[in-house]
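Read through the structure below, which is laid out as structure tokens, and then see the notes.
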Amino acid sequence: MSKTAAEVIIEVFESAGVKHFYGVIGDTLNYVSDAISKSSIEWVHVRHEEVGAFAAGADSFLSGTLAGCAGSCGPGSLHLINGVYEAHRSRIPLLVIASQIDTMSLGTDMPQEIDFSKVYSDCSVFCEQLHNAEQARHLAVRACQAAISKQGPAVIILPVDLSKAIVKDEIAYSVHFPKPIRRPNDAELKEAANIIAAGKKIGIYAGAGSEGAHDLLIDLAKKLKAPIAHTSRAKDFVEYANPYNVGMTGLLGVHSGFHMMNECDTLILLGADFAWGQFYPKHAKIIQIDREGARVGKRHPITLGLEGDVIPSLEALLPMLTEHSDDSFLKECLEERKKTETTLAGEESPGDGSVIHPQYLTNLINQYADEDAILTGDVGSAMVWVLRHFQTNGKRRSLISLRNGSMANAMPMALGAKKAFPNRQVISLSGDGGLAMLMGDLLTIDQENLPIKIVVLNNSSLNFVELEMKTEGLLNSFTDLKNPNFSKIAEAVGIKGFEATKTADLEQTVKEFLAYPGAALLDVHTNRYELIMPPDITEKNVAGMVTYGMKALLSGRAKDVEGLMKDPMHTLKKLL
Ligand SMILES: Cc1ncc(C[n+]2csc(CCOP(=O)(O)OP(=O)(O)O)c2C)c(N)n1
Ligand SMILES: [Mg+2]
42 MSKTAAEVII
52 EVFESAGVKH
62 FYGVIGDTLN
72 YVSDAISKSS
82 IEWVHVRHEE
92 VGAFAAGADS
102 FLSGTLAGCA
112 GSCGPGSLHL
122 INGVYEAHRS
132 RIPLLVIASQ
142 IDTMSLGTDM
152 PQEIDFSKVY
162 SDCSVFCEQL
172 HNAEQARHLA
182 VRACQAAISK
192 QGPAVIILPV
202 DLSKAIVKDE
212 IAYSVHFPKP
222 IRRPNDAELK
232 EAANIIAAGK
242 KIGIYAGAGS
252 EGAHDLLIDL
262 AKKLKAPIAH
272 TSRAKDFVEY
282 ANPYNVGMTG
292 LLGVHSGFHM
302 MNECDTLILL
312 GADFAWGQFY
322 PKHAKIIQID
332 REGARVGKRH
342 PITLGLEGDV
352 IPSLEALLPM
362 LTEHSDDSFL
372 KECLEERKKT
382 ETTLAGEESP
392 GDGSVIHPQY
402 LTNLINQYAD
412 EDAILTGDVG
422 SAMVWVLRHF
432 QTNGKRRSLI
442 SLRNGSMANA
452 MPMALGAKKA
462 FPNRQVISLS
472 GDGGLAMLMG
482 DLLTIDQENL
492 PIKIVVLNNS
502 SLNFVELEMK
512 TEGLLNSFTD
522 LKNPNFSKIA
532 EAVGIKGFEA
542 TKTADLEQTV
552 KEFLAYPGAA
562 LLDVHTNRYE
572 LIMPPDITEK
582 NVAGMVTYGM
592 KALLSGRAKD
602 VEGLMKDPMH
612 TLKKLL
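Residue numbers (the numbering used here): 42 to 617.
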């Protein structure tokens with residue numbers, strides 16, 4: 042049977058396990074969509090390609106099965122870009138078809154002509170154009186192989202004339218799934234063990250590379266009497282059922298994680314590529330193990346850099362370690378953890394009821410969400426609440442645009458998560474700015490029958506940025522959002538709408554909303570003046586807020602300062 046190059050590419054993707062492709066069809070993509078329509082791969086018809094790329098990334102990341110996205114030539118494939126960056130920065134395997142105008146017109150400044158090799162070279166692990174239709178299988182296999190092995194987006198630039206060409210497809214290239222065991226050699230591990238043996242205040246800092254290593258981390262902590270801090274991306278893998286956990290450091294972190302990192306004299310960094318050097322310990326000996334040797338010592342000077350995956354590295358290291366008996370540092374850090382927990386619990390309380398605190402809302406979601414729920418959070422204040430107030434348990438997942446830091450990620454990621462796990466509860470904690478940015482894809486929820494739950498943190502502002510401005514001592518500017526009634530918008534597009542304006546009703550509303558059998562949106566009018574406290578309050582933070590307060594008063598914006606003092610006990614508890 043004769044096949045087009047597009048059909049061959051799709052056949053290869055099927056053989057690599059691809060189940061979903063997301064995008065918007067059109068002109069140069071028509072032979073690809075035709076091939077998909079005849080295959081076992083499902084096309085998910087989104088309204089904006091960026092949403093498609095975000096969703097495909099979330100699908101691939103959570104399911105561990107390759108997913109893809111595609112766009113028509115020119116602006117169609119250009120729209121994918123932010124979601125492709127997301128996958129690239131988060132090291133998520135992803136297939137991308139950027140369809141292209143026909144080869145006869147390439148290089149002639151045709152309408153919609155874009156040099157995608159330039160556009161995608163910075164955000165992919167593979168980016169090649171099909172130059173001859175007979176290359177189709179070879180190219181598709183190389184793309185899959187690169188996505189799987191280099192963990193990132195692989196882009197195929199596909200000119201339309203080649204996509205529809207009939208090919209012989211005679212050479213049997215195929216996709217492979219290597220599962221190497223990577224670990225440092227014994228001499229290197231011995232060196233690590235010697236450094237650790239000399240440590241008195243040993244800490245463990247676990248990153249996203251620790252996925253699947255939960256029990257080994259606990260064994261390590263137990264043997265070394267070492268507290269465990271973790272990066273934000275490692276939350277799901279490290280936090281639960283972990284008596285050694287002291288939480289995250291960094292600006293989004295908590296006091297106990299920050300304290301441990303500051304005070305340890307020996308730090309074992311495992312699969313962690315935490316970017317902010319100022320949060321690493323100043324004088325500790327640091328041993329770093331990372332699956333990519335190029336990442337060791339990248340963020341901060343270290344004592345010993347080793348290459349390996351966390352699981353086999355720990356399996357080999359653990360028997361070489363001598364048990365530590367001094368647990369004073371662990372006890373000290375766990376004391377700090379208790380204090381942090383008390384602070385967090387205080388923030389989660391409903392307060393005096395005058396305003397809805399977003400931490401209280403997140404805590405309610407935490408209480409009533411399913412045991413294996415997936416929660417996505419928008420960049421903005423939502424990400425902080427998800428990281429601090431949503432508890433994982435080994436089954437739940439949380440997903441945020443942490444490395445790309447993009448607004449509007451949560452709802453698109455929720456779409457992908459729901460495709461990957463149709464039977465799990467998927468909740469998006471969206472900003473009002475974030476949701477509005479890609480709001481057209483609320484239509485996808487109904488059209489594609491994706492019963493997700495969207496909570497809107499309606500604080501009528503680009504709040505995270507507003508806070509950034511205030512802590513710098515600036516008067517906030519251009520942060521106001523004049524919002525629509527989000528629940529009515531939801532109703533208009535076939536999604537059940539809920540609204541919450543009062544603390545007293547919130548618990549009942551959250552319960553009803555989460556229990557609703559179909560897609561639903563809950564618009565919650567949260568406190569615009571909520572402070573997000575860093576793990577350690579510096580004089581600079583306080584000085585910034587004071588300067589802001591003075592400026593606001595002097596420029597006649599007294600109401601804004603009054604806002605800060607709504608529910609004063611809640612605010613004071615955070616500052617003291
Ligand atoms: C695409 C994009 N545009 C702008 C920014 C800068 N930025 C970061 S957070 C934020 C505000 C987000 O507002 P909203 O979604 O309403 O969340 P809030 O902080 O108010 O809860 C902005 C503008 C960004 N990170 N990404
Ligand atoms: Mg907002």
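Ideal Cβ positions, reconstructed from N, Cα and C, are used throughout, including at glycine. These numbers come from a predicted model, not from an experiment.
Determine whether the beta carbon atoms of Thr-272 and Met-289 lie at a separation below 9 Å. yes
Between which two residues does the alpha helix (DSSP H) holding Pro-399 run? 399-409
If you follow the beta strand (DSSP E) that Asn-438 is part of, which residue opens it and which one closes it? Note on residue identity: the sequence assigns Arg, not Asn, to residue 438. Unbroken beta strand (DSSP E) run through Arg-438: 438-441.
Would the beta-carbon of Val-630 fall within 9 Å of that of Lys-460? Outside the shown range of the chain (42 to 617) lies residue 630, about which nothing can therefore be said.
Cβ neighbour criterion (16 or more within 10 Å) applied to Lys-242: buried
Rounded Cβ spacing between Cys-185 and Ala-57 (contact assumed at less than 8 Å): 4 Å
Specify whether the stretch 154-162 and the stretch 191-202 touch according to this definition: at least 3 beta carbon pairs, one from each stretch, less than 8 Å apart. yes
If Met-452 sits next to Leu-416, beta carbons under 8 Å apart, how far is it from one beta carbon to the other, in whole angstroms? The pair is not a contact, with the Cβ atoms about 12 Å apart (cut-off 8 Å).
Once you ignore the five residues that flank Leu-311 on each side, which residues in its own chain have a CB closer than 6 Å to its CB? Ala-247, Ser-251, Ile-330 and Val-351
Please tell me whether Arg-224 and Ala-357 are closer than 9 Å, where the distance is taken between their beta carbons. yes
Apply the 10 Å Cβ neighbour rule to Val-587 and answer buried if 16 or more other Cβ atoms are within range, or exposed otherwise. exposed
So what's Tyr-246 in DSSP terms, helix, strand or just coil? strand
Can you give, in chain order, each stretch of the alpha helix (DSSP H) that sits fully within the stretch 208-295 and has at least 4 residues? 227-238, 255-265 and 276-279
Is Lys-460 helix, strand or coil when you go by DSSP? helix
Using three-state DSSP, classify Gln-170 as helix, strand or coil. strand
Mind pulling the alpha helix (DSSP H) runs of 4 or more residues that sit fully within the stretch 484-539? Counting whole runs of 4 or more residues, the stretch 484-539 contains the alpha helix (DSSP H) stretches 504-512 and 527-533.
Shorter than 8 Å, the distance from the beta carbon of Asn-500 to the closest heavy atom of ligand 2, or not? For ligand 2, at least one heavy atom lies less than 8 Å from the Cβ of Asn-500.
Quick check: what's the CA-CA separation for Gly-112 versus Gly-349? 37 Å
Of all the options Ile-142, Glu-376 and Ile-309, which has the alpha carbon lying nearest to the alpha carbon of Val-347? For the sequence presented, residue 347 should be read as Leu rather than Val. Nearest option by C-alpha distance: Ile-309.
Burial state of Asp-608, where buried means 16 or more other Cβ atoms lie within 10 Å: buried
Flag this pair as yes or no: are the beta carbons of Lys-14 and Leu-428 separated by less than 9 Å? In the structure as shown, the chain begins at 42 and stops at 617. Residue 14 is therefore absent and cannot be evaluated.
Once you ignore the five residues that flank Leu-503 on each side, which residues in its own chain have a CB closer than 6 Å to its CB? Gly-474 and Thr-520
State the DSSP-derived secondary structure class of Gly-64, mapped to helix, strand or coil. strand
So, for Ser-447: in the same chain, excluding its five sequence neighbours on each side, which residues have a beta-carbon less than 7 Å away from its beta-carbon? Asn-123, Glu-127 and Val-420
Going by other Cβ atoms of all chains shown within 10 Å of its Cβ, with 16 needed for buried, is Gln-408 buried or exposed? With fewer than 16 other Cβ atoms within 10 Å, it is exposed.
Using the three-state DSSP reduction, which class does Asp-564 fall into: helix, strand or coil? strand
Cutoff 6 Å; reference Glu-364; Cβ partners in own chain excluding five residues on either side: Lys-264
Measuring alpha carbon to alpha carbon, tell me which residue in Asp-601, Ile-578 and Leu-180 is nearest Gly-291. Ile-578
DSSP three-state call for Val-92: helix, strand or coil? helix
Nearest by alpha-carbon distance to Leu-375: which of Glu-229, Met-510, Ile-269 and Cys-110 is it? Ile-269
Ligand 1 and Leu-121: does the residue's C-beta get closer than 8 Å to at least one heavy atom of that ligand? no
Contacts around Ala-545, its chain only, beta-carbon distance under 7 Å, and the 5 residues preceding and following it disregarded: Gly-394
Between Asp-277, Lys-380 and Leu-491, which has its C-alpha nearest Pro-558's C-alpha? Leu-491
Own chain, CB closer than 7 Å to Ser-528, minus 5 neighbours either side, in chain order: Excluding positions up to five away in sequence, the list reads Gly-538, Phe-539, Glu-540, Leu-562 and Asp-564.
Considering only the beta carbon of each residue, do Gln-432 and Tyr-281 sit closer than 9 Å? Yes, Cβ-Cβ distance for Gln-432 and Tyr-281 is below 9 Å.
Could you check if Asp-601 is buried or exposed, using at least 16 other CB atoms within 10 Å of its CB as the buried criterion? buried
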